[in-house]
Amino acid sequence: MLSRVWSRAVLGVDALPIEIETHIEPNLPRWTVVGLPDGAVRESRDRIIAALANSDLPRPRGAITINLAPADVRKEGSAFDLPMALGLLAASGRNGPLIPAEALADVVIVGELSLDGSVRPVRGVLPMAAHARKSGARAMIVPAGNAPEAAVVDGLEVYAVGTLREAFDLLAEHGGHGEPFVRRPPSETPDRLSVEDFADVKGQEGVKRALEVAAAGGHNALMVGPPGSGKTMLARRLPGILPPLTNAEALETTKIHSVGGMLNGAARHGLVTERPFRAPHHTISNAGLCGGGSNPMPASGRAPARCRSPITACCFSTSCRSSSGASSKSFGSRSKRARLPSRGRGRRSISPPGLCSSRA
268 MLSRVWSRAV LGVDALPIEI ETHIEPNLPR WTVVGLPDGA VRESRDRIIA ALANSDLPRP
328 RGAITINLAP ADVRKEGSAF DLPMALGLLA ASGRNGPLIP AEALADVVIV GELSLDGSVR
388 PVRGVLPMAA HARKSGARAM IVPAGNAPEA AVVDGLEVYA VGTLREAFDL LAEHGGHGEP
448 FVRRPPSETP DRLSVEDFAD VKGQEGVKRA LEVAAAGGHN ALMVGPPGSG KTMLARRLPG
508 ILPPLTNAEA LETTKIHSVG GMLNGAARHG LVTERPFRAP HHTISNAGLC GGGSNPMPAS
568 GRAPARCRSP ITACCFSTSC RSSSGASSKS FGSRSKRARL PSRGRGRRSI SPPGLCSSRA
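According to our numbering, the sequence shown is numbered sequentially starting from 268.
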């Protein structure tokens with residue numbers, strides 16, 4: 268028996284449609300996954316079998332072949348666990364499929380399975396949801412932890428599931444129709460309590476004035492001074508005087524954070540509403556700063572980063588202690604330098620607290 272389930276894979280900061288075909292035939296027990304799966308996809312066999320057993324769902328018997336199409340694109344990650352498990356159930360059954368094909372026709376499914384049958388959050392759900400809506404999908408089944416970011420996309424029904432059994436009941440008993448997840452809208456006045464305030468800084472009037480000019484005009488800025496003079500402290504407070512993110516900017520920024528796995532519950536309403544800040548070490552590589560890899564991914568670290576868009580505020584730090592003076596690095600063609608009081612020979616610079624651009 269053959270079944271088809273639709274899912275999505277992340278390619279860079281965009282999504283790619285993945286069709287999961289499952290074929291079960293009576294034969295000696297065998298499990299084969301084709302379509303360039305990586306190690307995490309191949310290991311899904313043990314997670315799926317344990318999840319089916321602990322969810323009181325039948326375990327398919329016979330020779331099982333799962334194809335992840337298109338076959339020429341490498342499939343990475345654990346987001347295919349849930350659609351593969353539901354595809355197995357849709358392809359099995361003595362008196363017909365346990366899940367009707369009509370219930371799976373216009374539904375996109377993603378999610379990682381635990382051994383007890385619970386569904387864990389995955390990366391990149393927001394670009395997956397945007398692509399699902401663009402491709403004409405009616406609904407999307409996602410882990411409960413990813414529901415707020417998926418519900419940001421208008422025109423797409425989002426169903427949050429906490430277990431494999433919930434997803435099976437939604438498709439088998441309700442035909443893929445139920446009560447969609449409703450995202451709590453953000454308040455009209457953004458919550459900026461977590462952003463450090465310029466009012467906390469005592470003195471440094473010249474530097475604060477230079478940063479205000481840089482923020483108002485969208486300029487880059489460079490601060491040079493000895494350790495402890497307040498460069499990082501001032502830079503951390505720069506996002507607090509920048510204008511709030513617009514809806515389009517927040518959507519694009521959240522997409523980057525979603526792909527990089529850097530939301531961490533910070534987006535209570537599914538959107539990142541504060542301009543991100545990052546202070547990497549001066550020895551950081553280009554790939555560590557902006558992301559990269561064979562399958563390009565955003566840089567991940569202790570703080571969110573977005574370095575190739577003109578809409579997101581970033582702060583990069585460089586530091587150098589030497590007897591010959593300060594070492595500074597400037598991103599972009601325009602920069603304003605604010606000198607801080609010297610307290611010694613060692614110096615540290617941070618650049619640029621302002622709007623990053625694709626030219627940087």
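All C-beta atoms in this analysis are idealised placements derived from N, C-alpha and C, irrespective of residue type, glycine included.
Spatial distance of residue i from residue j (CA atoms)
i, j, result
"Arg341", "Leu303", "5 Å"
"Thr260", "Leu556", "With the chain represented from 268 up to 627, any question about residue 260 goes unanswered, as that position is not in the structure."
"Arg271", "Ala368", "8 Å"
"Cys587", "His548", "In this prediction, Cys587 scores a pLDDT of 36, lower than 50, which makes its location untrustworthy; the coordinate-derived value is nonetheless stated afterwards. Near 10 Å, if we compare the C-alpha coordinates of His548 and Cys587."
"Leu355", "Leu437", "16 Å"
"Ser359", "Val280", "35 Å"
"Leu324", "Asp339", "32 Å"
"Val375", "Ala346", "12 Å"
"Leu489", "Lys498", "9 Å"
"Asp313", "Lys522", "31 Å"
"Ile287", "Ala336", "6 Å"
"Gly442", "Ala370", "5 Å"
"Ala580", "Met395", "Residue placement at Ala580 is flagged as unreliable, the pLDDT there being 33, under the threshold of 50; the coordinate-derived value follows with that caveat. If you take the alpha carbons of Ala580 and Met395, they lie about 25 Å apart."
"Leu518", "Arg297", "44 Å"
"Met351", "Val377", "9 Å"
"His290", "Ala414", "30 Å"
"Pro577", "Gly470", "Interpretation of Pro577 is limited by its pLDDT of 30, a score under 50 that renders its predicted location unreliable; no figure is taken from the coordinates."
"Ile285", "His398", "11 Å"
"Asn362", "Ser552", "59 Å"
"Asn321", "Pro364", "21 Å"
"His486", "Ala477", "10 Å"
"Phe448", "Ala406", "11 Å"
N-terminal and C-terminal residue of the alpha helix (DSSP H) that residue i is part of
i, result
"Glu416", "414-417"
"Arg309", "306-309"
"Pro350", "348-357"
"Val480", "472-484"
"Ala411", "No alpha helix (DSSP H) contains Ala411, which DSSP labels as neither H nor E."
"Leu501", "498-503"
Continuous beta strand (DSSP E) stretch holding residue i: start and end
i, result
"Arg275", "269-278"
"Ala397", "Ala397 -> not in any beta strand (DSSP E); alpha helix (DSSP H) instead, spanning 392-401."
"Leu371", "Careful: Leu371 lies outside any beta strand (DSSP E), inside the alpha helix (DSSP H) at 368-371."
"Ile523", "Careful: Ile523 lies outside any beta strand (DSSP E), inside the alpha helix (DSSP H) at 514-527."
"Ile376", "374-376"
Cβ pair residue i, residue j closer than 8 Å
i, j, result
"Glu541", "Ile508", "no"
"Ala318", "Leu423", "no"
"Ala404", "Asp373", "yes"
"Arg387", "Ser381", "yes"
"Glu416", "Leu530", "yes"
"Ile366", "Leu349", "no"
"Ser561", "Val392", "no"
"Gly528", "Val419", "no"
"Ala439", "Ile408", "no"
"Val468", "Met500", "yes"
"Pro543", "Thr513", "no"
"Arg309", "Ile316", "no"
Own chain partners of residue i with C-beta closer than 7 Å, once the 5 adjacent residues on each side are dropped
i, result
"Asp464", "Arg504, Gly507"
"Glu292", "Gly329, Ala330"
Same chain, Cβ closer than 6 Å to residue i, neighbours up to 5 away in sequence not counted
i, result
"Asn294", "Gly329, Ala330"
"Ala411", "Ala427, Gly429"
"Glu343", "Asp305"
"Leu283", "Ala276"
"Thr299", "Thr332"
"Val301", "Asn334"
"Met564", "Gly558"
"Met268", "Ile291, Ala358"
"Arg400", "Val420, Gly422, Leu423"
Min CB distance residue i to chain C below 8 Å
i, result
"Ala370", "Although the question refers to chain C, the structure presented lacks it and comprises just one protein chain."
Bridge partner(s) assigned by DSSP for residue i
i, result
"Ile287", "Val272, Leu335"
"Asp281", "Leu278"
"Glu385", "According to the sequence as given, residue 385 is Ser; it is not Glu. For Ser385, which the question treats as bridged, DSSP gives the partners Thr430."
"Lys342", "Pro304"
"Gly559", "Met564"
"Arg297", "Ala330"
"Arg406", "It is Ala, not Arg, that sits at residue 406 in the sequence shown. Answer by DSSP bridge pairing, in chain order: Val374, Glu424."
"Glu379", "Arg387"
"Glu292", "Ala330"
Nonlocal neighbours in the same chain, by C-beta distance under 8 Å from residue i, ignoring five residues either side
i, result
"Leu307", "Residue identity check: residue 307 is Ala in the sequence provided, not Leu. Around Ala307: Glu343, Gly344, Ser345."
"Ala482", "Leu505, Ile508, Leu509, Gly621"
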